[in-house]
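As given, the protein sequences belong to chains A and B, one line each in that order.
Each residue of the first sequence is one higher than the last, beginning at 1 in the numbering used here.
Each residue of the second sequence is one higher than the last, beginning at 1001 in the numbering used here.
We treat Cβ as the ideally placed atom computed from N, Cα and C, and that holds for glycine.
Protein chains: 2
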Amino acid sequence: MSNAYNRPDQLSPELRKRVLDTARRLGYPGPDPVARSLRTRKAGAVGLLLTENLSYAFRDPAAIQFLEGLALACEDAGHGLLLIPASPEREDVASVHRAGVDGFVVYSVPDDDPHLAAVLERPVPVVICDQPRIDQLDWVGPDDEGAVRVLAEHLIGLGHRRIGVSCMRLARGRNDGVASVHRQANASFHVQRSRLTALAAAFSEAGVDWAQVPVVERFDHSTESGASAAAQLLEIDPEITAIICTSDILALGALEEARRRGVRVPDDLTITGFDGIDDAERVGLTTVRQPVLEKGRAAGRLLLDTSEPGRPRDVLLETQLMTGTTAAPPRSAEERWFGP
Amino acid sequence: MSNAYNRPDQLSPELRKRVLDTARRLGYPGPDPVARSLRTRKAGAVGLLLTENLSYAFRDPAAIQFLEGLALACEDAGHGLLLIPASPEREDVASVHRAGVDGFVVYSVPDDDPHLAAVLERPVPVVICDQPRIDQLDWVGPDDEGAVRVLAEHLIGLGHRRIGVSCMRLARGRNDGVASVHRQANASFHVQRSRLTALAAAFSEAGVDWAQVPVVERFDHSTESGASAAAQLLEIDPEITAIICTSDILALGALEEARRRGVRVPDDLTITGFDGIDDAERVGLTTVRQPVLEKGRAAGRLLLDTSEPGRPRDVLLETQLMTGTTAAPPRSAEERWFGP
DNA sequence: GTGAAAGCGCTAACAA
DNA sequence: TTGTTAGCGCTTTCAC
């Protein structure tokens, strides 16, 4: 009987048909997938853990592209993709415990995320995307430090010394405002930490006192946040010549704010992003492009690749500086006040 | 022991802690979710069946919004969302059989989809979104016929009589070209069928011979398809004054094609869409808006709503005619050839 | 508060 | 080729 369903080649077609017909007539709904999973120790699904509300994943263009890549890899392997409900608000970890999956992909969560801890307790393979970095675990992501350094040197080359930084949340607790150097260094989001560290290093080398550079943090990742962060930066120091944003979304918000204020980009103000989403390209944002879809696909492949040629494995993705039209040499103070 | 994990209130905290500590020390990874599912007959997850490749779901704005709504509902109920790999190419239904879920949401699949048949065999609740309509099954969707009729009457009111139609795939088999009246009536995608039927009815009442109206079908749902469909329509009958598209994506493609040809919209040609995605609103497309996010949320709620006040239930969503800037009265032939 | 035992539905191994 | 059986790991029930 089991054979009739699972190994059509092990018995004659006619017998198979007879068995199946009889089964259906008796109201047998087919093998129970859960019981089968228990027996075979395979769920045929991959779990995805995000640090945000599930619905957020469908609002952030970078997250969507990541999902697409991951879905592609799962589909190739005939696996399902289980989105695990793990809002940052509720500490409830049960959803991780309940997930019937063969492994987890963890996408960009903070070091101290309780859901991550729950995932790590499960006896299944785990692949981390972006953050955090954990020993002995497969990892996929871009070289954030290197990419940011290239961007920073581009801006330094243009002549920028007085800058402001707009960044995404640095820890699980909400803090919409200035992030002290201490908070920057202790950020529990590894990616944000490296980007800020790389910026600090590059600009320090160029003679900038990093402690004087305003870094403004926003909890929600949205263009509104980007706009208000830009506004705050311009208030703190109206003399800054560039706003460096750690994501394109924040940068797009900054562009909006600049337009609103009549500040010309890049003439009066340089604005840069990070990620390389479609909208960024459309408006010609100067940014760093990372292959987000590839990231998702690589994560899926890594997890589902059964031939294990020595774990842990790292996949470092190529990034590319996109010199758009939102970065230019700063104008001198006189130029800014009295025109060119 | 089971109690320690599942019913913290049934035993003293200290005992609970001791049990859990000992368990961890012995290397016990926590209760196996699959075995638990087998026993409790609950998977804590909802399956989603689409008719497209999984990755497609992350490219179509309407699908993304639907997913967001569905994810929202799942999250509220603490359920996971399992995306089931069911490409239209492979007839392989095993992924449906393997899915450990408490129910399925079926999103816009054709009447004769084999994966749908597999879903219906599973002894779990099913909610259908958009299509097909199946007796005794919960359903969520807009009033396609009504909405299209309002749109058609709008165009008829403007004076359009010589029109062309650009529509999405009508059956599982690829057919990029003209769709005969017969093919229209036999479309296995219920939604496309109703929209075409409603158009035919409205325009027939206005004195148009529907058999003479060119209806062009495209298998792939993309702006490129929309553009080529528009091109084909204009080739078949250069005198048409309006192109009605059964989706915004197709309409956006048609707009591109018009721009490429120097055909002015709406002066020389009226173009309409369906769905009301963000991009459509941005460019001012005349279209029908349906609450896509709400559709996803309603589907999830319907499936997860345990209090069953009499199934099957239908949720009919409100639609709204968006009179944008891409529809206007047709110009007479002379005007079109010799200018206003 | 604790322990023992049945059984969820399946698959794989083995026996006939 | 077909039939039988053990046991996957859990929860629930019931006896202690």
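The Cβ atoms of leucine 1170(B) and isoleucine 1244(B) lie no closer than 9 Å to each other. When rounded, the separation of the alpha-carbon atoms in serine 1108(B) and arginine 1041(B) is 28 Å. A buried status is given to serine 247(A), since no fewer than 16 other beta-carbon atoms sit within 10 Å of its beta-carbon. Contacts with chain B at 9 Å (Cβ-Cβ) include phenylalanine 58(A). Judged by their CB atoms, threonine 1241(B) and isoleucine 1163(B) are nearer to each other than the 9 Å cut-off. Residues Val1216, Glu1217, Gln1232 of the same chain have their beta carbon placed closer than 8 Å to that of glycine 1177(B), with the five preceding and five following residues left out of the count. Note on proline 1330(B): 16 or more other CB atoms within 10 angstroms of its CB, so buried under the neighbour-count rule. Chain A has no Cβ within less than 9 Å of the Cβ of valine 1127(B).
When Cβ pairs closer than 8 Å are counted between the two stretches, the segment 1036-1054 of chain B is seen to touch the segment 1071-1087 of chain B, the count reaching three or more. For valine 34(A), a Cβ of chain B is located within less than 9 Å of the residue's own Cβ.
Secondary structure of glutamine 1290(B) (DSSP, three-state): coil.
The CB of alanine 1045(B) comes closer than 7 Å to the CB of Leu82 in chain A, given here in chain order. Taking C-beta separations shorter than 7 Å and ignoring five residues to either side along the sequence, the partners of glycine 226(A) in its chain run Ser166, Cys245, Ile249, Leu250, Ala251, Leu252, Gly253, Ala254, following chain order.
Secondary structure at valine 109(A): coil, using DSSP grouped into helix, strand and coil. Per DSSP, the beta bridge partners of leucine 1321(B) are Val1288(B). Beta bridge pairing from DSSP links isoleucine 1128(B) with Val1106(B), Trp1139(B). For alanine 45(A), the enclosing beta strand (DSSP E) covers residues 45-50. Secondary structure note for threonine 306(A): it is in no beta strand (DSSP E), with a DSSP letter that is neither H nor E. Interface criterion not met: the Cβ of aspartate 135(A) is under 9 Å from no Cβ in chain B. For methionine 1001(B), the number of other beta carbons within 10 angstroms of its own is below 16, and it is reported as exposed. For histidine 1097(B), the closest Cβ of chain A is nearer than 9 Å. Residue contact check for cysteine 167(A) against chain B: no CB pair falls below 9 Å. In the same chain as arginine 1174(B), and ignoring 5 residues on each side of it, the C-beta atoms closer than 8 Å to its own belong to Phe1219, in chain order.
Cα atoms of glycine 276(A) and glutamine 320(A): separation of roughly 9 Å, rounded to the nearest angstrom. Counting along the chain, valine 1215(B) sits inside the beta strand (DSSP E) bounded by residues 1215-1217. Listed by position along chain B, the residues whose Cβ is nearer than 7 Å to that of alanine 71(A) are Leu1054, Ser1055, Phe1058, Leu1083.
In this structure, Gln1131(B) is the residue among Ala1045(B), Leu1303(B), Ala1185(B), Gln1131(B) with its C-alpha nearest to the C-alpha of aspartate 1112(B). Ranked by Cα distance from valine 1292(B), the options Asp1143(B), Trp1139(B), Gly1069(B) are led by Gly1069(B).
DSSP, reduced to helix, strand and coil, places aspartate 267(A) outside both helices and strands of the structure shown, so it counts as coil. The beta strand (DSSP E) runs of length 3 or more contained entirely in the segment 1166-1249 of chain B are, from start to end of the chain, 1215-1217, 1242-1245. Between the segment 1141-1156 of chain B and the segment 58-65 of chain A there are fewer than three inter-stretch CB-CB distances shorter than 8 Å, so the stretches are not counted as touching.
Taking 9 Å as the threshold, the shortest C-beta distance from arginine 1122(B) to chain A falls below it.
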